[in-house]
Each structure stands twice: as structure tokens, then as C-alpha cells.
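Everything on this sheet refers to the single structure shown next.
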Amino acid sequence: MSLPLEATDEQVEAYAQRMGFRDPLVVQFWNWAKNALRGDFGDSLWQREPALGLVLERMPATLQLCFTAIFLAVAASIPLGILAALRPRSWLDKITTSFSLIGVCIPDFWLGLMLILLLAVYVHLFFTSGYGTPRHLVLPAITLAARPWGRITQIVRTSMMDEMHRTYMMTARAKGLTEQKVIISHALKNASIPIVTLAAWELTRMLAGYTIVVETVFAWPGFGLLAMQAIEERDLTLIQADVFVVALIVVAMNIA
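Each residue of the sequence shown is one higher than the one before, starting from 81 at the first, in the numbering used here.
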């Protein structure tokens with residue numbers, strides 16, 4: 081923290097008094113809440129800089145990672161889910177269902193390490209860590225997208241199978257519309273409500289701290305990695321600022 085291990089009892093007591101640790105809990109909370117409402121969470125005990133500023137500096141990296149991951153998940157799940165729904169119990173349906181279940185169950189840290197080993201160490205296509213270029217972004221985005229992709233693929237398949245047996249589908253075909261137009265303009269449009277809902281929920285989960293494992297594995301400089309570093313350094317001020325910002329994002333996402 082802010083004092084060396086060899087600090088004397090007098091130094092520890094003086095530091096505690098200066099930081100307000102000896103005040104009653106009610107007073108400590110009031111002082112914290114009063115300052116937090118003004119955007120002042122105090123200085124980081126670890127980096128000696130304003131805690132809120134450190135969190136906001138990391139926000140663009142986390143937003144880039146989350147939006148890229150949810151885009152990959154949705155873009156891959158919709159066509160696969162539609163194809164699986166059009167051919168139920170076929171080999172394509174079985175493969176898609178199996179891989180979507182694997183995507184839901186596979187641990188993020190293991191998948192991330194395997195992608196690093198295969199695509200960065202052996203093949204040298206991407207970087208193992210860092211931030212700034214698409215080659216840095218691909219592996220963490222794929223890792224973060226795996227679980228949402230599995231869930232969204234399953235909901236696309238289920239929703240499309242329900243819509244394919246609706247009466248309006250027979251009416252659309254009777255009008256002479258092509259099968260592609262019937263599927264895209266009618267079935268997918270009506271099946272999109274649960275898909276959009278799930279995708280928004282997955283994005284909220286990512287922004288709520290689900291990225292912490294992926295950011296740690298790939299040393300991605302977002303506020304998930306910052307939270308992990310703050311915990312390791314026992315930087316309570318920085319942890320509070322990080323959690324507060326994440327909570328605001330979750331509330332904003334739910335209101336939107």
C-alpha cells in the first residue's frame with residue numbers, strides 16, 4: 081500500500097488519521113459519498129493519481145473489446161442459427177448445437193491460452209498481449225465472444241424454429257415470395273426480439289466485469305485488468321472508483 085513494511089506504529093497511526101480510517105464508519109461513508117457525487121474518489125493509493133481518472137483512461141480499451149466481441153458473436157450466430165433451424169436434426173444442426181454448447185461451457189482463460197499457443201506462438205498471426213492494432217484485438221475478442229456466441233446461436237435456432245411453423249409463413253409463401261425473402265424479411269424479423277434482448281444482456285455482462293479474466297490473460301489495458309491490479313495492490317480507492325463506474329454503466333444499459 082502506501083507505507084513500507086518496516087513502518088513504525090507511529091507512522092501507521094499518523095497515516096490512518098490522515099486518511100480518515102479512525103473516523104466512525106458513518107462519517108467515513110458520508111465523506112466518501114459526498115466526494116463521490118462530485119466525481120472525487122480520491123487518489124489511488126497505488127499510483128498516486130486521481131482514481132476516477134485512471135478508470136476513465138481504461139474505458140476506451142474495454143469498450144472496444146466488448147463491442148468487437150458482441151459484434152463477432154452476433155455476426156457468427158445468426159447465419160449458423162438460421163441454417164440449423166432450417167435443417168433440424170441434420171448433421172449441420174448437430175454440429176452447430178454441439179459447438180454452441182462447447183462455447184457456453186469452455187473456460188475463458190483456457191480458450192485464451194489455447195488461442196495464444198496456436199495462433200500467436202506457433203503461427204505468429206497475432207500478438208499475445210498489448211493494445212493498439214487489430215492484431216492485438218483479434219484473440220481477446222474471439223475469446224470474449226465464445227460464450228455469447230454459444231448462447232445467441234441457441235436462441236436464434238430456437239426462435240427461428242418457432243417462427244417457421246407460424247401461419248404467416250405459409251401466407252408469405254403463398255404470395256409467391258422467395259424462400260430467402262420469407263426467412264429474412266419475415267421469420268428473422270419476428271424472431272429478432274429475443275435475439276436482440278440476449279445480445280444486449282451479454283453486452284451488459286461484459287461491461288459489468290465479465291472481461292476481467294480475458295483482459296488479464298491478454299494484458300488488455302481495460303478497467304477489468306485495472307480492477308485486478310488494484311485488488312492485488314490492495315488499492316481500495318481505485319477499486320471503489322472502478323466498481324462505481326461499472327455500476328453506472330450497468331444502470332445506463334438497463335435503462336436504455
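Virtual Cβ for every residue (Gly too), placed ideally from N, Cα, C.
{"Asked": "Residue nearest to Y290 in terms of C-alpha spacing, selected from T208, A226, M194, A254", "Found": "A226"}
{"Asked": "Classification of S265 by the beta-carbon crowding that lies within 10 angstroms, buried from 16 upward", "Found": "exposed"}
{"Asked": "Beta-carbon contacts of E340 that lie in its chain and below 7 Å, excluding the five residues immediately before and after", "Found": "Any answer about residue 340 is impossible in this case: the structure gives the chain only from 81 up to 336."}
{"Asked": "M250 at chain C interface by Cβ criterion, 7 Å", "Found": "The structure shown contains no chain C, having only a single protein chain."}
{"Asked": "Buried/exposed call for S178, threshold 16 Cβ in 10 Å", "Found": "exposed"}
{"Asked": "Three CB pairs or more closer than 8 Å across the region 300-307 and the region 131-144", "Found": "yes"}
{"Asked": "Identity of the residue in L105, L163, A141 nearest S209 by Cα", "Found": "A141"}
{"Asked": "Rounded distance between the beta-carbons of A279 and E243, thought under 8 Å", "Found": "That belief does not hold up - the Cβ atoms of E243 and A279 are roughly 18 Å apart, past 8 Å."}
{"Asked": "Opposing strand residues paired with D123 [DSSP bridges]", "Found": "P130"}
{"Asked": "H216 in three-state terms, based on DSSP", "Found": "helix"}
{"Asked": "Nearest to L328 (by Cα), restricted to the options L287, I292, E295", "Found": "L287"}
{"Asked": "Burial state of F206, where buried means 16 or more other Cβ atoms lie within 10 Å", "Found": "buried"}
{"Asked": "Rounded separation between A155 and G302 - CA only", "Found": "24 Å"}
{"Asked": "Alpha-carbon to alpha-carbon, P228 and R246", "Found": "27 Å"}
{"Asked": "Distance between W300 and L160 (C-alpha atoms, nearest Å)", "Found": "29 Å"}
{"Asked": "Burial state of R215 (16 or more Cβ within 10 Å)", "Found": "exposed"}
{"Asked": "Residue environment, A149, which counts as buried when at least 16 other CB atoms sit within 10 Å", "Found": "buried"}
{"Asked": "Three-state secondary structure assigned by DSSP to R227", "Found": "helix"}
{"Asked": "Proximity below 7 Å, CB of P187 to CB of I235", "Found": "no"}
{"Asked": "Complete runs of the alpha helix (DSSP H) confined to the region 236-279 [at least 4 residues]", "Found": "247-254"}
{"Asked": "Beta-carbon proximity list for E295, same chain, < 6 Å, skipping 5 on both sides", "Found": "G302, G304, L305"}
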